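Mapping of the sequence shown onto our numbering: residues 8 to 105, in sequence order.
What follows is a short report on a single structure.
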Amino acid sequence: MDIARQLKQGINTGDIVFGQRQTSSECYKGSAKMVLVAANCPESFIDELRNSHPSVPVHQVTLVNRQLGAACGKPFPVSSLCILDPGQSDLLQIDPNL
Numbered sequence: 008m009d010i011a012r013q014l015k016q017g018i019n020t021g022d023i024v025f026g027q028r029q030t031s032s033e034c035y036k037g038s039a040k041m042v043l044v045a046a047n048c049p050e051s052f053i054d055e056l057r058n059s060h061p062s063v064p065v066h067q068v069t070l071v072n073r074q075l076g077a078a079c080g081k082p083f084p085v086s087s088l089c090i091l092d093p094g095q096s097d098l099l100q101i102d103p104n105l
């Protein structure tokens with residue numbers, strides 16, 4: 008699966024929020040369907056997310072935060088993003104690896 012293509016499709020047709028604060032907030036609200044984190048996302052954030060919200064699948068991509076930001080079409084690094092609605096993408100078909 009081409010993550011970059013699916014991310015662009017999801018951003019255009021669905022609802023995705025970017026950043027650690029927004030990701031944590033959406034997980035606490037219960038609206039997160041999946042979380043994607045960059046390869047260099049802090050372990051402490053990932054551990055806290057998994058421990059606080061075990062029902063939310065977390066997938067760590069092979070891209071570092073600058074590459075993930077570029078793949079999302081953002082001019083800034085993205086260390087985590089939260090999928091609220093995948094739209095017409097297949098992002099929820101990704102197997103959680105954390």
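Ideal placement from N, C-alpha and C gives every residue a C-beta, glycine not left out.
Here the structure is a predicted model, which means the values were calculated and not measured.
In this structure, the alpha-carbon of I101 lies about 18 Å from that of T30. According to the DSSP assignment, C89 belongs to the beta strand (DSSP E) that extends over S87 to D92.
Apart from sequence neighbours up to five positions away, the residues of its chain that approach L14 with a beta-carbon distance below 6 Å are A78 and C79, ordered along the chain. At a Cβ-Cβ threshold of 8 Å, M41 and H66 count as neighbours. In this structure G37 is exposed. Its beta-carbon is surrounded by fewer than 16 other beta-carbon atoms within 10 angstroms.
Of the residues assessed, S86 falls on the buried side of the cut-off, its CB having 16 or more other CB atoms within 10 angstroms. In this chain, the beta strand (DSSP E) harbouring L43 covers M41 to V44.
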